[in-house]
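Novice: Quick one: the structure is below, questions incoming.
There are 2 protein chains.
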Amino acid sequence: MTQPKDRDTDAMHRHLRDVERLLARLRLVDTLVHRQRMPHQELVENITHRQNLGRLRRKLDRLHPADIAWILEALPVDDRLFVWDLVKAEKDGDILLEVSDAVRATLLGTMDADEIKAAAETLDADELADLAPDLPPEIMQDVLASLDQEEQEQVRAAMSYPEGTVGALMDFDMVTVREDVSLEVVLRYLRRFEALPDHTDKIFVVDREERLRGVLTLESLLINDPETEVFKVMQSKSIVSFSPDDSADSAANAFERYDLVSVPVVDSENCVIGRLTVAEMVDHIREESEAEILSNAGLREEEDIFAPVIRSVKNRWAWLAINLVTAFIASRVIDLFEGSIEKLVALAALMPIVAGIGGNAGNQTITMIVRAIAMGQVQPSALWRLLRKELGVAVINGVVWGGVVGVAAWLLYGNYALGLVMTAAMTLNLLLAATAGVVIPLIRQRLGRDPALGSSVLITALTDSGGFFIFLGLATLFLL
Amino acid sequence: MTQPKDRDTDAMHRHLRDVERLLARLRLVDTLVHRQRMPHQELVENITHRQNLGRLRRKLDRLHPADIAWILEALPVDDRLFVWDLVKAEKDGDILLEVSDAVRATLLGTMDADEIKAAAETLDADELADLAPDLPPEIMQDVLASLDQEEQEQVRAAMSYPEGTVGALMDFDMVTVREDVSLEVVLRYLRRFEALPDHTDKIFVVDREERLRGVLTLESLLINDPETEVFKVMQSKSIVSFSPDDSADSAANAFERYDLVSVPVVDSENCVIGRLTVAEMVDHIREESEAEILSNAGLREEEDIFAPVIRSVKNRWAWLAINLVTAFIASRVIDLFEGSIEKLVALAALMPIVAGIGGNAGNQTITMIVRAIAMGQVQPSALWRLLRKELGVAVINGVVWGGVVGVAAWLLYGNYALGLVMTAAMTLNLLLAATAGVVIPLIRQRLGRDPALGSSVLITALTDSGGFFIFLGLATLFLL
């Protein structure tokens with residue numbers, strides 16, 4: 001069998017390589033000009049140069065905005081801006097929506113007010129609202145002024161919902177019909193459209209006051225007799241709908257659980273005010289899991305990998321500072337036992353094992369509990385049951401791994417008491433890790449905080465300082 | 001403003017509480033029987049008991065299989081099996097598909113061969129293939145035998161593709177038409193269906209040999225004149241399609257990038273053999289990111305949080321064993337410098353700071369690089385550029401944080417040389433972390449391995465042992 005053809009990724013890499021090759025050719029000429037081996041005028045008139053430039057431009061014209069966004073992210077900053085200049089202005093808006101925040105900043109930085117305005121004007125109200133926070137306020141004012149009344153209100157509405165809510169992710173493209181017409185009327189009505197909104201899998205059925213009465217799936221529209229009236233085939237019971245204040249996470253769970261494509265968003269009067277699509281949900285799910293993985297490693301946000309050093313330092317410093325504080329606390333704990341270490345220097349070599357294994361086990365527990373809380377499957381009332389289980393795991397691990405380590409310490413240092421202390425300290429630190437791993441996220445949940453945030457730092461800090469204290473404390477009591 | 005109403009999650013919790021309340025009532029009677037305060041016969045005849053049982057059963061009948069799956073996962077094992085017994089048999093198959101692997105095992109464990117067979121027979125070919133690995137082989141044989149020829153082949157085909165490929169995720173429900181008919185004919189054809197496959201947003205246009213000629217979106221079908229022929233309004237250029245050997249990750253990227261709902265899967269002859277939908281992709285994206293977060297914490301697989309202790313121990317032991325080995329190596333490195341620590345015991349207290357900060361910075365670098373590789377945006381050729389940047393970040397962090405730590409050490413121990421050694425060791429260990437953070441994932445990528453797997457263990461092991469060696473080594477050279 002041949003190697004699986006990874007068509008999509010392969011295609012993207014082929015595009016990227018094409019662009020890079022053309023850029024390299026262009027750069028060669030540039031370098032010659034720079035070294036003054038070729039006068040600037042000659043460059044502009046140089047046929048090969050113009051041909052390559054034309055090729056690159058045509059290549060970019062053929063690509064989907066999302067693909068161009070991907071290529072821009074993969075290019076170093078100078079190449080990126082060069083390519084950005086060549087992209088057709090009408091694609092600018094879509095591309096700006098697709099790139100990561102960090103890359104968007106570099107792109108917007110090179111555009112003048114008119115270019116930004118032109119790009120913004122190609123976007124729908126909900127897209128404009130997404131982009132708004134990154135645009136200079138005076139430009140945003142101009143863009144808003146150029147919209148009609150309804151669109152202005154839509155942009156303002158979309159911007160008024162905080163990040164992480166359905167309102168911030170919904171769009172305003174929807175098709176609505178009345179329930180008392182026949183499917184034939186609906187079919188004729190649809191034929192008057194030039195295009196349907198993306199991801200239209202159902203039409204919203206509303207009354208005169210725009211209140212949601214039901215949904216008519218395109219499936220029902222297509223498989224039923226055109227003479228049938230809408231209300232006979234529409235779905236009107238247990239329709240999934242969201243309020244703009246609902247959390248995006250909860251909406252994503254519903255999309256995943258019920259395999260949805262589009263869902264109406266209704267206000268407190270049950271009037272349809274927007275629509276949420278699976279495309280937004282896919283992006284949301286990706287972004288959330290990205291953010292979680294990044295924040296687990298102490299990165300504040302996605303980095304433009306070609307960003308200048310100073311930007312990366314800013315993205316990462318907070319985590320390092322916090323860890324420095326916790327490391328210092330652990331260091332002070334060790335310092336308490338200076339005398340003991342002086343007398344039995346083996347303690348210094350063994351103590352990181354106790355702390356390290358405790359940290360790993362604690363991270364396992366806390367990750368598992370945080371996952372279960374995020375799925376909504378753990379209530380604070382489950383505390384005792386979970387704690388009992390985790391303590392059980394800790395005892396087994398303590399006896400098994402603590403035993404292994406204890407025997408190793410005994411053999412290495414010829415001191416069986418040291419081995420016993422090691423085993424006891426490992427077991428106690430694992431019990432500490434298990435308790436903290438269950439209690440910390442559940443307490444945070446009860447306080448209404450995000451149970452995931454910084455959980456790894458907290459538990460590692462605890463098992464480090466705790467591990468050193470337990471091990472050195474036991475050693476001081478029993479060995480010296 | 002009121003607190004955001006988290007409708008979906010709230011609704012699920014309400015369902016869960018209802019079920020728990022009914023279970024509690026049932027359990028109360030059970031306990032009375034158990035304590036022999038009530039004869040068993042009386043229990044069965046007890047009206048309240050029967051009422052409660054009926055209520056619970058009706059509650060479950062009204063719930064979506066995905067919701068029942070969620071509730072089963074949130075219940076402790078004994079309650080879970082009790083509820084599972086009450087669920088209507090026709091929902092069994094769908095629920096088994098929805099629950100996590102760990103919970104599925106507990107549910108299958110209580111079913112006899114006939115029940116499993118009945119559940120399996122309610123499923124489509126692709127769903128059956130998903131469930132197959134968890135079913136006893138002899139039952140699977142029976143189920144296969146009960147299918148018609150075409151379905152048997154579909155199940156075998158779906159099972160023949162390895163996990164993580166498009167083939168393993170595709171379904172076989174699709175609607176195909178010829179290109180030379182009019183839209184009116186297509187509309188009439190669709191009216192003969194009882195239902196369209198889920199997520200039908202386009203119809204596949206094929207020739208006599210089932211070769212893909214184009215796709216007809218429901219949108220084009222609906223907005224165009226019924227007299228138009230299919231080939232005039234179908235999309236035939238740059239249609240996204242997949243081969244069953246394509247990787248699911250790559251397909252998920254395409255769904256995300258181009259906002260797709262369904263995509264045809266074609267064989268090497270361009271014949272349509274299946275279909276991939278956004279619902280499968282949403283599940284895939286979720287599972288992948290879950291798996292990544294779990295494996296970052298050293299959990300082999302998702303855990304049933306109510307699983308017995310021994311199962312959790314098995315899920316977690318491998319990671320702890322690996323970490324024990326790396327911790328032992330670090331411990332041996334410290335042991336090399338026993339003499340130095342004896343002379344200057346402050347070294348023991350300070351060394352975990354050097355190791356810890358190095359580990360954190362290394363994890364930041366490696367997470368960022370692994371992300372960029374997963375997005376396909378980093379090629380091995382970018383090595384030097386990335387390395388230069390990360391080394392730059394390391395130098396700045398080393399000077400700033402190393403400086404802070406150095407001054408602190410000087411003030412604490414009144415030894416300015418110790419402070420200098422501390423600063424130097426921190427900077428060197430950060431440089432080591434940056435180098436390893438860039439080089440390890442890029443080398444793995446070049447060797448065709450997964451750059452993410454175990455990257456965190458590797459870099460932490462390196463910065464621990466390396467940090468101890470650098471710090472204690474410098475101290476031995478310059479302070480003693």
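Sequence order for the protein chains is R and H.
Just so we're aligned, residue 1 is where the first sequence starts under full-length UniProt numbering, counting upward by one.
Just so we're aligned, residue 1 is where the second sequence starts under full-length UniProt numbering, counting upward by one.
All C-beta atoms in this analysis are idealised placements derived from N, C-alpha and C, irrespective of residue type, glycine included.
Just so we're clear, the structure is a prediction, and the values are computed from it rather than from any experiment.
Taking Cβ to Cβ, would you say Val-87 of chain H is nearer than 8 Å to Leu-123 of chain H?
Specialist: The residue labelled residue 87 of chain H in the question sits at position 87 within the second sequence. The residue labelled residue 123 of chain H in the question sits at position 123 within the second sequence. A distance of 8 Å or more separates the beta carbons of Val-87 of chain H and Leu-123 of chain H.
Novice: Is Phe-193 of chain R helix, strand or coil by DSSP?
Specialist: Here residue 193 of chain R corresponds to residue number 193 of the first sequence, with the count starting at 1. Phe-193 of chain R: coil per DSSP, three-state reduction.
Novice: Quick check: is the beta carbon of Arg-385 of chain R nearer than 8 Å to any beta carbon in chain H?
Specialist: The residue given as residue 385 of chain R occupies position 385 in the first sequence. It does: the Cβ of Arg-385 of chain R has a partner Cβ on chain H nearer than 8 Å.
Novice: Between Tyr-416 of chain H and chain R, is any beta-carbon pair separated by less than 8 Å?
Specialist: If you number the second sequence from 1, residue 416 of chain H lands on position 416. It does not; no Cβ of chain R falls within 8 Å.
Novice: State yes or no: is the C-beta of Ile-273 of chain R within less than 8 Å of the C-beta of Pro-308 of chain R?
Specialist: Stepping through the first sequence from its first residue, residue 273 of chain R is reached at position 273. Stepping through the first sequence from its first residue, residue 308 of chain R is reached at position 308. For Ile-273 of chain R and Pro-308 of chain R, no; Cβs fall outside 8 Å.
Novice: Mapping the DSSP letters down to three states, classify Gly-448 of chain H as helix, strand or coil.
Specialist: Residue mapping note: residue 448 of chain H aligns to position 448 of the second sequence, counting from 1. Looking at Gly-448 of chain H - three-state DSSP - the assignment turns out to be coil, as it is neither helix nor strand.
Novice: Residues of chain R with CB under 8 Å from Asn-323 of chain H, in chain order?
Specialist: On the second sequence, position 323 is the one that residue 323 of chain H refers to. Those are Gly-356, Ile-357 and Asn-360, listed as they occur along chain R.
Novice: Tell me the rounded alpha-carbon separation between Phe-204 of chain R and Asn-270 of chain R.
Specialist: If you number the first sequence from 1, residue 204 of chain R lands on position 204. If you number the first sequence from 1, residue 270 of chain R lands on position 270. Roughly 12 Å separates the two Cα atoms.
Novice: Going along chain R in order, which residues have a C-beta closer than 9 Å to the C-beta of Ser-289 of chain H?
Specialist: Position 289 of the second sequence, counted from the first residue, corresponds to residue 289 of chain H. In chain order: Ile-285, Arg-286, Glu-288, Ser-289, Glu-290, Glu-292 and Ile-293.
Novice: Would you list the one or two residues that DSSP bridges to Lys-202 of chain H?
Specialist: Here residue 202 of chain H refers to the residue found at position 202 of the second sequence. According to DSSP, which records beta bridges pairwise, Lys-202 of chain H is partnered with H:Thr-217.
Novice: Taking 8 Å as the threshold, find out whether the stretch 86-103 of chain R comes into contact with the stretch 399-418 of chain H through three or more Cβ pairs.
Specialist: no
Novice: Please list the residues of the stretch 142-169 of chain H that have a C-beta atom closer than 8 Å to any C-beta atom in chain A, keeping them in chain order.
Specialist: No chain A appears in the structure shown, which is made up of the protein chains R and H.
Novice: Please list the partners that Lys-88 of chain H has in chain R, where partner means a Cβ-to-Cβ separation under 7 Å.
Specialist: Residue numbering aside, residue 88 of chain H sits at position 88 when the second sequence is read from its first letter. The premise fails here: Lys-88 of chain H is roughly 18 Å from chain R at the closest Cβ pair, so nothing lies under 7 Å.
Novice: Examine the Cβ distances between the stretch 160-180 of chain R and the stretch 275-288 of chain R and report whether three or more of them are shorter than 8 Å.
Specialist: yes
Novice: Give the straight-line distance between the Cα atoms of Thr-476 of chain R and Phe-337 of chain R, rounded to the nearest whole angstrom.
Specialist: As a working note, residue 476 of chain R is residue 476 in the first sequence. As a working note, residue 337 of chain R is residue 337 in the first sequence. One C-alpha to the other measures close to 8 Å.
Novice: My understanding is that Gly-376 of chain R touches Met-12 of chain H, with C-beta atoms under 8 Å, so please give their C-beta distance in whole angstroms.
Specialist: On the first sequence, position 376 is the one that residue 376 of chain R refers to. On the second sequence, position 12 is the one that residue 12 of chain H refers to. Between Met-12 of chain H and Gly-376 of chain R the Cβ distance is about 6 Å, and since that is below 8 Å, they are a contact.
Novice: Please check the pair Ala-349 of chain R and Asp-335 of chain H, which I expect to be a contact at CB under 8 Å, by giving their CB distance rounded to whole angstroms.
Specialist: What you label residue 349 of chain R is simply residue 349 of the first sequence in a count that begins at 1. What you label residue 335 of chain H is simply residue 335 of the second sequence in a count that begins at 1. Rounded, the Cβ-Cβ distance is 4 Å, consistent with contact.
Novice: Answer with buried or exposed for Thr-200 of chain R, where buried requires no fewer than 16 other C-beta atoms within 10 angstroms of its C-beta.
Specialist: On the first sequence, residue 200 of chain R is found 200 positions in, with the first residue counted as 1. Buried: at least 16 other Cβ atoms inside 10 Å.
Novice: What residues of chain R sit near Val-313 of chain H, judged by a beta carbon separation below 9 Å?
Specialist: Indexing the second sequence from 1 puts residue 313 of chain H at position 313. Gly-392, Val-393, Ile-396, Asn-397 and Val-400, listed in chain order.
Novice: Hey, is Ala-105 of chain H close to the ligand NAD, as in C-beta under 7 Å from one of its heavy atoms?
Specialist: Summarising the ligand content, the structure contains no ligands, and the ligand NAD is consequently not present.
Novice: Please classify Ile-369 of chain H: is it buried, with 16 or more other beta-carbons within 10 angstroms of its beta-carbon, or exposed?
Specialist: Here residue 369 of chain H refers to the residue found at position 369 when the second sequence is read from its first residue. Burial call: buried.
Novice: Out of curiosity, what's the CA-to-CA distance linking Glu-153 of chain H and Val-186 of chain R?
Specialist: Within the second sequence, residue 153 of chain H is the residue found at index 153, counting from 1. Within the first sequence, residue 186 of chain R is the residue found at index 186, counting from 1. Straight-line spacing of the CA atoms in Glu-153 of chain H and Val-186 of chain R works out to 41 Å.
Novice: Compare the C-beta of Met-140 of chain R with all C-beta atoms of chain H and state if any pair is closer than 8 Å.
Specialist: Walking along the first sequence from the start, residue 140 of chain R turns up at place 140. No, no contact with chain H.
Novice: What are the start and end residues of each continuous alpha helix (DSSP H) run of 4 or more residues lying completely inside the UniProt domain "CBS" (234-292) of chain H, in chain order?
Specialist: With a minimum length of 4 residues, the unbroken runs of alpha helix (DSSP H) contained wholly in the UniProt domain "CBS" (234-292) of chain H fall at 248-258.
Novice: Could you please give me the residues that DSSP links to Ala-176 of chain H through a beta bridge?
Specialist: Position 176 of the second sequence, counted from the start, is the residue given in the question as residue 176 of chain H. Note on residue identity: the sequence assigns Thr, not Ala, to residue 176 of chain H. Paired residues: H:Phe-204.
Novice: By the DSSP assignment, the alpha helix (DSSP H) with Thr-106 of chain R in it spans what residues?
Specialist: The residue labelled residue 106 of chain R in the question sits at position 106 within the first sequence. Here the alpha helix (DSSP H) through Thr-106 of chain R covers 101-109.
Novice: Go ahead and label Glu-209 of chain H buried or exposed: buried means 16 or more other beta carbons lie within 10 angstroms of its beta carbon, across all protein chains shown.
Specialist: As a working mapping, residue 209 of chain H is identified with position 209 in the second sequence. Glu-209 of chain H is exposed by the Cβ-count criterion.
Novice: Would you mind sorting Val-77 of chain H into buried or exposed? The rule is 16 or more other CB atoms within 10 Å of its CB.
Specialist: Numbered from its first residue, the second sequence carries residue 77 of chain H at position 77. Classification of Val-77 of chain H: exposed, given that the 10 Å Cβ count is below 16.
Novice: In chain order, what residues of the same chain lie with their CB nearer than 6 Å to the CB of Trp-461 of chain R, ignoring the 5 residues before and after it?
Specialist: The count along the first sequence starts at 1 and reaches residue 461 of chain R at position 461. Reading off the sequence shown, one finds Ala at residue 461 of chain R, where the question assumed Trp. Short of 6 Å from the beta carbon of Ala-461 of chain R, and not among the five residues preceding or following it, lie these beta carbons of its own chain, in chain order: Thr-326.
Novice: How is Asp-85 of chain H classed by DSSP in three states: helix, strand or coil?
Specialist: Position 85 of the second sequence, counted from the first residue, corresponds to residue 85 of chain H. Note: Asp-85 of chain H maps to helix in three-state DSSP.
Novice: Excluding five sequence neighbours on each side, which residues of the same chain lie with their C-beta closer than 8 Å to the C-beta of Leu-391 of chain H?
Specialist: For the purposes of this step, residue 391 of chain H is taken as residue 391 along the second sequence, with counting starting at 1. Leaving aside the five residues that flank Leu-391 of chain H on each side, the residues in its chain whose CB is nearer than 8 Å to its CB run, in chain order, Leu-431, Ala-434 and Thr-435.
Novice: Smallest Cα separation from Lys-314 of chain H: which of H:Leu-324, H:Glu-303 and H:Asn-323?
Specialist: Residue numbering aside, residue 314 of chain H sits at position 314 when the second sequence is read from its first letter. Selected option, being the one with the closest Cα: H:Glu-303.
Novice: Measure the Cβ-Cβ separation of Val-177 of chain H and Tyr-161 of chain H and say whether it is below 8 Å.
Specialist: Within the second sequence, numbered from 1, the residue matching residue 177 of chain H stands at position 177. Within the second sequence, numbered from 1, the residue matching residue 161 of chain H stands at position 161. Going by C-beta atoms, Val-177 of chain H is not nearer than 8 Å to Tyr-161 of chain H.
Novice: Determine, using beta carbons only, whether Glu-227 of chain H comes closer than 8 Å to chain R.
Specialist: Numbered from 1 along the second sequence, position 227 holds the residue referred to as residue 227 of chain H. No, because no Cβ of chain R sits closer than 8 Å to the Cβ of Glu-227 of chain H.
Novice: How would you list, in chain order, the residues of chain R whose beta-carbon sits under 8 Å from the beta-carbon of Trp-319 of chain H?
Specialist: The residue given as residue 319 of chain H occupies position 319 in the second sequence. One finds Asn-360 and Gln-364 in chain R with Cβ atoms closer than 8 Å to the Cβ of Trp-319 of chain H, taken in chain order.
Novice: For Gly-406 of chain H and Pro-352 of chain H, I'd like the C-alpha separation in whole angstroms.
Specialist: For this step, residue 406 of chain H is matched to residue 406 along the second sequence. For this step, residue 352 of chain H is matched to residue 352 along the second sequence. Looking at the two C-alpha atoms, the distance is approximately 14 Å.
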